[in-house]
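Quick notes on the structure that follows.
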Amino acid sequence: MVPTTPNGSFTVASEQGRICSLAARGQRDLQKQVALHLSLFPDPPVDAAMLSALALSTAFIAPWCTAEQLRVANRASLWVTAEDWRVDRVATSIEEVTEVVAACLAVADGNPPAAGDQLGQLLAGIRDQLAAVPAFVHLQPLWREELERMLTADAREWQWRAAREADDTLLPTPAEYLSNADNYGASFVNVSHWIATGAASTPDQLAELTAASRLVQQVLRLVNDLASYDRDVRSGDLNILMLGVEQDEVRRQVSDQIERCRPLLQALELTCPQEAVYLWRELGFTTGFYHGTDFWASVDD
């Protein structure tokens, strides 16, 4: 006989165990992807703990999904990690950054990746999985748009960092920095997930979800910056705390941004209730996760 405990502890723990099993399966798939594309993932910072954290994130945000349904979201998160490293750490000129952007967009348009382009190969695998969804023929332009927004934002931040190295007074304003939150990549992952799972089947529906996702993404950008400030100082990455904004002010902005999300998510509850829950859970999981750690392992460890 199963022992019972007060407050439904057994039921809660059982559900948490089930979600962690989804994450374990997701992590194993990510490890296989890393093994196939080793040049994209230096260890550190992409260690086993980071892969576990990525898989836990998708599993806890969408616990109603199967491991197979979470596969695109997991692989898209992994791809964002690889793209971010390529632009931030490998590219040494804006010409190199531009080449990365152009190559990725060509893959998004249906072209085969160039020989030896492991970043393009990983993206092509995601594209091909999405192409198996009948609605993708109509949704592909919106998926490509979200990818382009992320890549453009990454290129913009690369230019900001390069300008700061020449003159440390050449920094974006806090508002400019936050409006560039597409470089965080969460919305690209969300759009990929919603297409893969059939949560969005029409362009209008996907556009409505994406508008809410982009606003949520700004909250994630802020809480990430609070967690990663010390690492960003060491690595030279930009962070809103480097732009004259104090931690207490950033925390206030997080609260304000969540309140801005509320009416959008409440409206989504009427048309896309599960996806509204998805975005609320994304806000909750990510803000909770960043209270204690960051996804990236430190290259200084």
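Here the sequence shown is numbered in this note's numbering, starting from 10 and rising by one per residue.
For each residue, glycine too, the CB sits at the ideal point set by N, CA and C.
Remember, predicted model here, so these are calculated numbers, not experimental data.
Query raised in the report: Would the beta-carbon of Ala123 fall within 8 Å of that of Ser201?
Result: The answer is no: Cβ separation not under 8 Å.
**Report entry** Neighbourhood of Pro183 by C-beta, 8 Å cutoff - its chain only, sequence neighbours within 5 removed
**Finding:** Ile249, Leu252, Gly253, Val254
Query raised in the report: Anyone know if the C-beta pair for Gln226 and Tyr193 falls short of 8 Å?
Result: yes
Query raised in the report: Are the segment 33 to 42 and the segment 266 to 280 in contact at 8 Å, needing three or more beta carbon pairs?
Result: No, they do not touch.
Query - Contact belief for Phe294 with Ser66 at Cβ below 8 Å, rounded distance in angstroms - result: 6 Å
Query raised in the report: Do Leu31 and Leu79 have their CB atoms nearer than 8 Å?
Result: Against a cut-off of 8 Å, the Cβ pair of Leu79 and Leu31 comes out as a contact.
Query raised in the report: Where Glu155 and Ala209 are concerned, what is the direct C-alpha to C-alpha distance, given to the nearest angstrom?
Result: Cα to Cα, the separation comes out at about 15 Å.
Requested in this report: Flag this pair as yes or no: are the beta carbons of Val81 and Leu139 separated by less than 8 Å?
Outcome: yes
Query - Between the CA atoms of Ala33 and Ser23 - distance to the nearest angstrom - result: 15 Å
**Report entry** Close Cβ partners of Arg290 (< 6 Å) along its chain, the five nearest in sequence each way excluded
**Finding:** Ile70
Report task. Below 8 Å on the Cβ atoms is my guess for Leu97 versus Asp246; work out the distance and round it to an integer in Å. Result -> In the sequence as presented, Leu is not what sits at residue 97; that position holds Asp. Rounded, the Cβ-Cβ distance is 7 Å, consistent with contact.
Query raised in the report: Can you tell me whether Arg260 is buried or exposed, with buried defined as 16 or more other CB within 10 angstroms of its CB?
Result: exposed
Query raised in the report: So, is Ile103 buried or exposed, given that buried needs 16 or more other C-beta atoms within 10 angstroms?
Result: exposed
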